[in-house]
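Enquirer: This is the structure, below, for whatever I ask next.
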Amino acid sequence: MGSRGLLAGLLARSACALALLSALAPAPARAAAAVQVDALVGFNGTAREGRFTPIILSIENPGARMRARVTVTVTWGARGDQPPGWTITRDTILDAGATRRLPFVTPFPRDVRALQAVVTAQGAEVGRLDTDLRALSTPGRIVAAITSDLSFDGLSALGGSAGALRVVYPRLDDLPQTWAGYDGVDAVIVHDTYFQQLRADQVQALERWVVTGGVLVFTGGAAALQHEPAGFGPLLPVRVTGLTQASGIPVSAGPGGARRIPGRVEVAQSTVTRGAALASAGTLPVVVRRTLGRGAVWFLAFDPTIPPVSTWDGTLSLWRAIMEGDRLPALAAASRSPQPESAIQDPWIAGLFSAAPASFPPVTALLVFLGVYLAVLVPLLVGRTQRRMKGRVRLLLLTVAATCACAAAWVVFNRLLFQPGLQVVDAAVVDSRSGDGLALVTEKVACFSAAAREAEVRLGTSSAVLEAAPWREGSNSPWVQPHLYLEPGASETVIHGLDLERLTFRLLTFQDVEPFPVTVHVQAADSRVEAAVSNGSARSLLGCSIVVSGRAYPLGDIAAGATVRKTFDVSEVTAGDAIAAGGDRRRAALLSAVEGDQGPRAGPARLVGWMDGPALPLWITDARAAAGRPGLALVSVESE
Amino acid sequence: MSVREGMHVYLSDRRTLRACLYLAALLALALLAVWPRGPLEAALRTGQVSATFSVVAICLLVAGLYLGARFGAEDFSTDPNVQLQELVTMTPVPLLSLAAERLTVGVLHTLLLLLLGAPFLVAAMAVGGADAAQLLQTLVLVGSASLAARMTGLLVRSATGARRPLRDIILFFCVTGAAAAVFLLAPSASAFRVVGALGRGSVRAPLLPAAADAAAAAVLAAGALAVFAVMRARAGQRQRGAADRG
Chain A
404 MGSRGLLAGL LARSACALAL LSALAPAPAR AAAAVQVDAL VGFNGTAREG
454 RFTPIILSIE NPGARMRARV TVTVTWGARG DQPPGWTITR DTILDAGATR
504 RLPFVTPFPR DVRALQAVVT AQGAEVGRLD TDLRALSTPG RIVAAITSDL
554 SFDGLSALGG SAGALRVVYP RLDDLPQTWA GYDGVDAVIV HDTYFQQLRA
604 DQVQALERWV VTGGVLVFTG GAAALQHEPA GFGPLLPVRV TGLTQASGIP
654 VSAGPGGARR IPGRVEVAQS TVTRGAALAS AGTLPVVVRR TLGRGAVWFL
704 AFDPTIPPVS TWDGTLSLWR AIMEGDRLPA LAAASRSPQP ESAIQDPWIA
754 GLFSAAPASF PPVTALLVFL GVYLAVLVPL LVGRTQRRMK GRVRLLLLTV
804 AATCACAAAW VVFNRLLFQP GLQVVDAAVV DSRSGDGLAL VTEKVACFSA
854 AAREAEVRLG TSSAVLEAAP WREGSNSPWV QPHLYLEPGA SETVIHGLDL
904 ERLTFRLLTF QDVEPFPVTV HVQAADSRVE AAVSNGSARS LLGCSIVVSG
954 RAYPLGDIAA GATVRKTFDV SEVTAGDAIA AGGDRRRAAL LSAVEGDQGP
1004 RAGPARLVGW MDGPALPLWI TDARAAAGRP GLALVSVESE
Chain B
2 MSVREGMHVY LSDRRTLRAC LYLAALLALA LLAVWPRGPL EAALRTGQVS
52 ATFSVVAICL LVAGLYLGAR FGAEDFSTDP NVQLQELVTM TPVPLLSLAA
102 ERLTVGVLHT LLLLLLGAPF LVAAMAVGGA DAAQLLQTLV LVGSASLAAR
152 MTGLLVRSAT GARRPLRDII LFFCVTGAAA AVFLLAPSAS AFRVVGALGR
202 GSVRAPLLPA AADAAAAAVL AAGALAVFAV MRARAGQRQR GAADRG
């Protein structure tokens, strides 16, 4: 074989080897297949403006399984290239050929603009959805009806102070998993579930939403037999036992003034388990109300969607009485006053500041410091002793004097008299009703710092967080509008990069519904008051008092898990609520601010107690409590 | 004159020491004047922050420039042994080592002045909203600016000799003119602008003026060295002329 043949053989072998290598080499990274993104905003595409609203993203992945990052942004405000917005990012896995539903809860500002959802995988965008939200926004009240037919449209005649009332019919699967998702809804009516079952988190979300002031109504008739199997058992104020027919049943949403429904009506037989029957036909409860936190759970033994009730002229007034007007949104429920112009004007924070005023170091302290320092310098620099002093000794003494003065100034003016680090003024109110086992916790955290810095707030729950007052960004910039933060469904809420300019306050309001099993029994006779308090919570209650008719009866501290019983002689007790603050000015200021903010408490009695430290599991980086952090526990006692 | 002798002069001369006391008194008065007296709540309510740190830092900078220029021109010195003219013209001291010694003594004395002024800045830190990093940046900025002024004084002194009114006028216009020109034309390199801004928050490239001033000090020291060389050459010519005439 000649050299030409050898060369040809080598070339052929090389070509074969290259072909084999290229076949065995890993395939180049392919771009992830596109996913289809869809969004369900609010309840059936309706969201109340100025409230939180649920958003469910459906992401259909026709390709291979992928790890994806979903970013949801809601923008608001005037037109512009970069309108203000709120963004939440969540990592998820999209299974091959499957559709994944991701629930979010977002603020829905009055001037909401658009929703943008972006799905990225391996750094590349694989799906996107842009939706104009303006058409979905409504200023009026929303009632959500869980029913298999559209039978509650007549309720739109109720209206309200905010304008029209809109009835929406969400699917059971679409019900929110967190209480904040119901923030835009005034009432939820459960008619029938078409024999579907709710998940436990959906039931818990409904219960917690009621605690924040929601109205939940279970209707009766034959469909009432579905309520317990559907998972509503823990919420029902009755136990449904069967079905019967009754004539001329009385209906009332309050004590007295019952009207009778003409004709024969199919009603659910039940026994009251929690709450009180407001109207009964003999032993048959017809209208039952259970107070739960700030809200109420109702049970109507009849079906209001079928005749003769649906055609009865008293039905609308019954619904009007049940819904009790426009519900306060959960996140605004903490304050009846208008939003403060600055954080320091918030009633809670202002009260704490006035009770424990933080101030700059006094001029007298500065004068003492300057006097001592100059008194040390003068003999070293111009005194008689300096003439005989060697230069090296003088240098040493001057260095020591200046160094000591630096250390003294640091300790006195940067540690003892004034804290340059992040300061926190923190107050919480734990608002519960005896026996409910749940409490609406509102915690206000005002942060400020003498030096510009950045803070991180970490909350151990998926709480709703509202920035409640405008703040100043930069020394010469105008006031910036408040922000909203929410991490629904997560085990914690983290606010990164909370910018604090010099001596600028930022006020965050955290709200959540937390277990608080405290029960209070009060029996007030003419001259005696008997109180029994059982603290089943994990925290001690300090300086407790029972307040009845403007008089405070001190109970002292109640340890976690303890029960305290006391009998008081009315004539021996000092009048006034001040004793409930235990002589603590900070507590007195908070108690006064809360009563001024939320209005006087209804009901015959309440327990006022105190907790040390934040009520919610809250951490702020490098924070120091500037004016203490009183936690006020209020447990109302009301006869059902 | 060695570095030790130079420092000895600064630490034993009455006028020099009294100038240090005046510096401390000025800073004490400034701190007292701008110390926030209202309640903290009022400051938080209005969002108007105290300028305590900035004012004290600016006072230290002005005093540092003034004292640096005067010390550089040897105005406070009463000791005839350190008179520059004689050292250059009548002694065989190497000029390079003379300029280096002046620079070294200037750095050390500037550090002493900064040390004496530092307690006032530390006292103003918390209420003025500055942190430790801003304190150190301020001291570096003031120190470098003061050193540059000191070298300006040395150059003017060596160029003009002992003619006081003329020297003072030239020195005043050189230092203020340079500071004003930098303030207007290159704000990011102006120690005044950066020191004033440090107390109001963080500043991008806060040490740029310090680098510029240090470079200016080195150039000015080199300029002074050149003037020394001219002075010594002229003195040599005069001595040779006198010898020739003799």
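Those protein sequences? They're chains A and B, same order as listed. One gets this note's numbering by counting positions in the first sequence from 1 and adding 403 to each. One gets this note's numbering by counting positions in the second sequence from 1 and adding 1 to each. Glycine included, C-beta positions come from ideal geometry on N, C-alpha and C. Everything numeric in this text was worked out from a predicted model, so none of it was measured.
1. Within 10 angstroms of its Cβ, does residue 496/A collect 16 or more other Cβ (buried), or is it exposed?
2. Given the structure, does residue 628/A come close to the ligand NAD, in the sense that its CB is under 6 Å from one of the ligand's heavy atoms?
3. I'd like to know if residue 643/A contacts chain B, where contact means its C-beta is closer than 7 Å to some C-beta of that chain.
4. Looking at the unbroken beta strand (DSSP E) that takes in residue 644/A, where does it start and where does it end?
5. Around the Cβ of residue 740/A, are there at least 16 other Cβ atoms within 10 angstroms (buried) or fewer (exposed)?
6. In whole angstroms, what separates the C-alpha of residue 736/A from that of residue 755/A?
7. Please name the residue in 245/B, 236/B, 96/B and 204/B whose C-alpha comes closest to that of residue 90/B.
8. I want to see whether chain B comes within less than 7 Å of residue 797/A, judged by CB atoms only; does it?
9. So, for residue 906/A: in the same chain, excluding its five sequence neighbours on each side, which residues have a beta-carbon less than 7 Å away from its beta-carbon?
10. Say whether chain B places a C-beta atom closer than 7 Å to the C-beta of residue 496/A.
11. Determine the burial state of residue 87/B: buried for a count of at least 16 other Cβ atoms within 10 Å of its Cβ, exposed for fewer.
12. In chain A, which residues lie less than 9 Å from residue 76/B when you measure between Cβ atoms?
13. Who are residue 528/A's beta bridge partners in DSSP?
14. Does any residue of chain A have a CB that is nearer than 7 Å to the CB of residue 21/B?
15. Tell me the start and end of each unbroken beta strand (DSSP E) in the region 937–969 of chain A that is at least 3 residues and wholly inside, in chain order.
16. Please report the distance separating the alpha-carbon of residue 1033/A from that of residue 1022/A.
17. By DSSP's criteria, residue 841/A is part of a beta bridge. Which residues make up the other side?
18. What are the boundary residues of the alpha helix (DSSP H) that includes residue 555/A?
19. By DSSP, does residue 1034/A sit in helix, in strand, or in coil?
20. Do the region 453–472 of chain A and the region 594–612 of chain A meet, that is, are 3 or more Cβ pairs less than 8 Å apart?
21. When the Cα of residue 951/A is compared with those of 963/A, 965/A and 972/A, which residue comes out closest?
22. Taking the beta carbon of residue 648/A as the centre, do at least 16 other beta carbons fall within 10 Å, making it buried, or is it exposed?
23. So is residue 762/A in contact with chain B if we call contact Cβ pairs under 7 Å?
24. Short check: CB of residue 682/A to CB of residue 655/A, under 7 Å?
25. Looking at the secondary structure, which residues open and close the beta strand (DSSP E) in which residue 502/A lies?
26. Compare the C-beta of residue 13/B with all C-beta atoms of chain A and state if any pair is closer than 7 Å.
27. Going by DSSP, which residues form a beta bridge with residue 933/A?
28. List, in chain order, every chain B residue whose beta-carbon is nearer than 7 Å to that of residue 747/A.
29. Provide the residue span of the alpha helix (DSSP H) that contains residue 42/B, from first to last.
30. So which residues on chain B does residue 722/A lean against when the C-beta distance must stay under 8 Å?
31. Tell me the residue span of the alpha helix (DSSP H) that contains residue 238/B.
32. Taking the alpha carbon of residue 460/A as the reference point, which residue from 446/A, 537/A and 505/A has its own alpha carbon closest?
33. Mind pulling the chain A residues with CB within less than 7 Å of residue 29/B?
34. Quick one: is residue 1/B near chain A, going by C-beta distance under 7 Å?
35. Distance check for residue 150/B and residue 38/B, CA to CA, integer angstroms please.
36. DSSP on residue 817/A, reduced to helix/strand/coil?
Expert: Let me lay it out:
1. Within the first sequence, numbered from 1, the residue matching residue 496/A stands at position 93. Its Cβ having fewer than 16 others within 10 Å, residue 496/A is exposed.
2. No copy of the ligand NAD appears in this structure; indeed no ligand is present at all.
3. In the first sequence, residue 643/A corresponds to position 240, counting from 1. Under the 7 Å criterion on CB atoms, residue 643/A is classed as non-interfacial with respect to chain B.
4. Mapped onto the first sequence, residue 644/A falls at position 241. Counting along the chain, the unbroken beta strand (DSSP E) around residue 644/A starts and ends at 641–650.
5. The residue given as residue 740/A occupies position 337 in the first sequence. With a pLDDT of only 48 at residue 740/A, under the threshold of 50, the placement of this residue in the model should not be trusted; the figure read from the coordinates follows. Exposed, because fewer than 16 other Cβ atoms sit within 10 Å of the Cβ of residue 740/A.
6. Here residue 736/A is taken as the residue at index 333 of the first sequence, counted from 1. Here residue 755/A is taken as the residue at index 352 of the first sequence, counted from 1. Note that residue 736/A scores 39 on pLDDT, short of 50, meaning its location in the model is unreliable; the coordinates nonetheless yield the value given after this. So the alpha carbons of these two residues sit roughly 20 Å apart.
7. As a position in the second sequence, residue 90/B is number 89, starting the count at 1. The residue with the shortest Cα to Cα distance from residue 90/B is 236/B.
8. As a working mapping, residue 797/A is identified with position 394 in the first sequence. Answer yes: the Cβ-Cβ gap between residue 797/A and chain B drops below 7 Å somewhere.
9. Residue mapping note: residue 906/A aligns to position 503 of the first sequence, counting from 1. So the qualifying residues of the chain are 851 and 853.
10. For the purposes of this step, residue 496/A is taken as residue 93 along the first sequence, with counting starting at 1. By this cut-off, residue 496/A is not an interface position.
11. Position 86 of the second sequence, counted from the start, is the residue given in the question as residue 87/B. Residue 87/B should be labelled exposed.
12. As a first step, residue 76/B is located in the second sequence; it is residue number 75 there, counting from the start. In chain order: nothing, as chain A lies at least about 18 Å away.
13. Within the first sequence, the letter at position 125 stands for residue 528/A. DSSP, once it has assigned bridges, lists 523/A as partnering residue 528/A.
14. The count along the second sequence starts at 1 and reaches residue 21/B at position 20. Closer than 7 Å: yes.
15. If one requires a minimum length of 3 residues, the beta strand (DSSP E) runs lying completely within the region 937–969 of chain A are 944–951 and 954–961, in chain order.
16. Walking along the first sequence from the start, residue 1033/A turns up at place 630. Walking along the first sequence from the start, residue 1022/A turns up at place 619. Going by the C-alpha atoms only, they are around 16 Å apart.
17. On the first sequence, residue 841/A is found 438 positions in, with the first residue counted as 1. Answer is 918/A.
18. Translated into positions along the first sequence, residue 555/A becomes position 152. Residue 555/A -> no alpha helix (DSSP H), and no H or E assigned at all.
19. For the purposes of this step, residue 1034/A is taken as residue 631 along the first sequence, with counting starting at 1. Looking at residue 1034/A - three-state DSSP - the assignment turns out to be strand.
20. Contact between the region 453–472 of chain A and the region 594–612 of chain A is absent, because fewer than three Cβ pairs lie under 8 Å.
21. Locating residue 951/A in the first sequence gives position 548, counting from the first residue. Looking at the Cα atoms, 972/A is the closest of the given residues.
22. Within the first sequence, the letter at position 245 stands for residue 648/A. Result: exposed.
23. If you number the first sequence from 1, residue 762/A lands on position 359. Chain B, which has a Cβ nearer than 7 Å to the Cβ of residue 762/A, makes this yes.
24. Reading the first sequence from its first residue, position 279 is the one you call residue 682/A. Reading the first sequence from its first residue, position 252 is the one you call residue 655/A. Contact: yes.
25. Residue numbering aside, residue 502/A sits at position 99 when the first sequence is read from its first letter. 501–511 is the span of the beta strand (DSSP E), which, as asked, contains residue 502/A.
26. The residue given as residue 13/B occupies position 12 in the second sequence. So, interface residue.
27. Locating residue 933/A in the first sequence gives position 530, where the first residue counts as 1. For residue 933/A, which the question treats as bridged, DSSP gives the partners 926/A and 970/A.
28. For this step, residue 747/A is matched to residue 344 along the first sequence. Chain B residues near residue 747/A: 42, 45 and 46.
29. Your numbering for residue 42/B matches position 41 in the second sequence. 41–47 is the span of the alpha helix (DSSP H), which, as asked, contains residue 42/B.
30. Along the first sequence, one-based indexing puts residue 722/A at 319. Here the premise fails: no neighbours, minimum Cβ distance about 46 Å.
31. The residue given as residue 238/B occupies position 237 in the second sequence. Counting along the chain, the alpha helix (DSSP H) containing residue 238/B begins and ends at 209–246.
32. As a working note, residue 460/A is residue 57 in the first sequence. Of the listed residues, the one whose Cα sits closest to residue 460/A is 505/A.
33. Within the second sequence, the letter at position 28 stands for residue 29/B. What residue 29/B touches in chain A: 773 and 777.
34. Only positions 2 to 247 of chain B appear in this structure, which leaves residue 1/B out of reach.
35. Residue mapping note: residue 38/B aligns to position 37 of the second sequence, counting from 1. Residue mapping note: residue 150/B aligns to position 149 of the second sequence, counting from 1. About 35 Å.
36. Here residue 817/A refers to the residue found at position 414 of the first sequence. Three-state DSSP puts residue 817/A in a helix.
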